[in-house]
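Q: Numbering (this note's numbering), first residue to last: 80 to 358.
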Amino acid sequence: FNSISGDNSNLGTKEKPLKSLDFIENINLKEGDKILLANGSVFTNTINLINKNGIEVTNYIVDNNRKIPTINSKGKVAAIFIENSSKIIIRNIEITANGGGPNKFLHKKIKTDLRTGILYLVTDKEIHNNLNISDVKIRDVFFENPGYVRGESEVRTPNGTKSYGWGIRVVNLSDTGNLENITINNSQFKNISHTAIRFKGVRENQFKNLEINDNVVLRTGGPGMVFNSTRNLFAKRNDINFSGSFDDTRKWGRGSGLWTWGSSYAVISNNKFQNANGP
């Protein structure tokens with residue numbers, strides 16, 4: 080895909096790229112396929128990977144352009160939405176979503192409207208494996224448009240009652256299904272209205288085997304990272320600064336570096352946690 084020189088009548092090769100991400104819905108993706116986004120491109124809308132296995136989303140270089148491609152998912156639930164899928168690789172992509180308000184389409188199992196850079200849902204009864212995210216940049220993710228002001232009482236609620244923007248959010252909505260073997264490495268998260276990385280699972284069926292290493296998190300409105308119901312977690316060499324930031328009235332304004340609950344066997348080492356803010 081190349082938003083600059085592509086054409087939706089093309090074959091979808093590097094030599095003859097497609098233009099719009101909307102065209103992905105017309106492609107029967109199979110295991111081993113790659114969604115390649117041209118450097119310098121800016122795309123809108125969402126890449127949906129539902130019941131897909133072995134798909135990679137990454138960049139490719141055109142005309143020696145070194146700027147990684149951007150997906151702007153303003154007004155959408157996510158730039159990359161994944162559900163019940165295994166062996167998914169996402170790397171060398173930039174994501175932004177600065178507002179847009181309510182989503183036109185909300186997943187029937189999501190109770191609260193939200194905006195995310197990358198959203199993964201477990202909704203079936205299967206055990207899914209291998210979600211690998213590396214070298215991504217997620218910035219400026221908000222639900223509301225600029226100028227929105229949250230009520231003063233919102234920051235004192237346990238986790239916020241309104242809709243927010245999130246960096247990467249992984250949610251288990253199944254009693255027996257699960258996601259195992261997850262890596263999020265060498266990525267940057269900047270200016271996000273709630274949490275940069277959040278896992279929300281089922282205590283009786285914890286997310287297993289997580290490596291969250293070498294990430295930079297700056298000025299989130301909520302915590303830097305939250306791990307609910309995980310087992311075998313390694314979080315190393317992450318740099319989290321100014322969590323709970325309130326430099327934008329759309330942010331929650333209540334932060335912490337990293338916290339876990341309902342989790343077992345966690346190694347959290349060689350991280351930096353600085354300048355957390357709260358009410």
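Where a beta carbon is used, it is the ideal one built from N, C-alpha and C, also for glycine.
Which residue or residues does DSSP assign as beta-bridge partners of Asp318?
A: Val295, Lys351.
Q: Short of 6 Å in beta carbon distance, which residues of its chain neighbour His186, apart from the five on each side in sequence? Order them along the chain.
A: none
Q: Answer yes if the region 226 to 233 comes into contact with the region 157 to 168, meaning at least three C-beta pairs across the two stretches below 8 Å, and no otherwise.
A: no
Q: Let me confirm a value: Gln101 is counted as buried when at least 16 other C-beta atoms fall within 10 Å, else exposed. Which label applies?
A: Residue identity differs from the one stated: residue 101 is Asp in this sequence, not Gln. Counting Cβ neighbours within 10 Å, Asp101 comes out exposed, since fewer than 16 surround it.
Q: On the premise that Ile150 lies in contact with Val215, defined as a C-beta separation below 8 Å, what is that separation, rounded to the nearest angstrom?
A: Not quite, the Cβ-Cβ distance comes to about 10 Å (not below 8 Å), so this is no contact.
Q: Counting C-beta neighbours from all protein chains within 10 Å, is the total for Lys92 16 or more, i.e. buried, or is it exposed?
A: This sequence places Thr at residue 92; Lys is not what is there. Exposed, since its Cβ has fewer than 16 Cβ neighbours within 10 Å.
Q: Kindly indicate the opening and closing residues of the beta strand (DSSP E) around Ile167.
A: 167 to 170
Q: Consult DSSP for Phe325 and reduce its assignment to one of helix, strand or coil.
A: The answer is coil: DSSP assigns Phe325 none of H, G, I, E or B.
Q: For Gly341, which of Asp219, Pro358, Phe278, Glu290 has the nearest alpha-carbon?
A: Phe278
Q: Exposed or buried, Ser164, counting other C-beta atoms within 10 Å across all chains shown (16 or more means buried)?
A: buried
Q: Comparing C-alpha positions only, which one of Asp318, Ile271, Phe122, Ser266 sits nearest to Pro57?
A: Outside the modelled stretch of the chain, which goes from 80 to 358, sits residue 57, for which no answer is possible.
Q: Who are the Cβ neighbours of Ile291 in its own chain at under 6 Å, not counting the five residues just before and after it?
A: Ile263, Ala314
Q: Classify Ile401 as helix, strand or coil using the three-state DSSP reduction.
A: Nothing can be reported for residue 401, as the shown portion of the chain is limited to 80 through 358.
Q: Would you kindly report the start and end of the unbroken beta strand (DSSP E) that includes Trp245?
A: 244 to 251
Q: When you compare each of Leu90, Asn107, Val346, Ser82 to Val141 by their alpha carbons, which one comes out closest?
A: Ser82
Q: Quick check on this structure: which residue in Phe222, Lys155, Thr195 has the alpha carbon closest to the alpha carbon of Gly178?
A: Phe222
Q: Asn307: buried (16+ other C-beta within 10 angstroms of its C-beta) or exposed?
A: buried
Q: Confirm, please, whether the CB-CB distance from Pro358 to Val249 is below 9 Å.
A: no
Q: From Thr309, Tyr344, Met304, Leu210, pick the residue whose C-alpha is nearest to that of Phe352; which is it?
A: Met304
Q: In or out: Trp338 buried (at least 16 other Cβ within 10 Å) or exposed?
A: Its Cβ having fewer than 16 others within 10 Å, Trp338 is exposed.
Q: Nearest-angstrom Cα distance between Asn105 and Phe321?
A: 42 Å
Q: Please give the ranges of any beta strand (DSSP E) in the region 183 to 250, keeping only runs that are unbroken, at least 3 residues long and fully inside the region.
A: Secondary structure within the region 183 to 250: the beta strand (DSSP E) runs of 3 or more consecutive residues, fully enclosed, are 194 to 201, 206 to 213, 216 to 221 (chain order).
Q: Where does the unbroken beta strand (DSSP E) through Thr123 begin, and where does it stop?
A: That run of the beta strand (DSSP E) goes 121 to 123.
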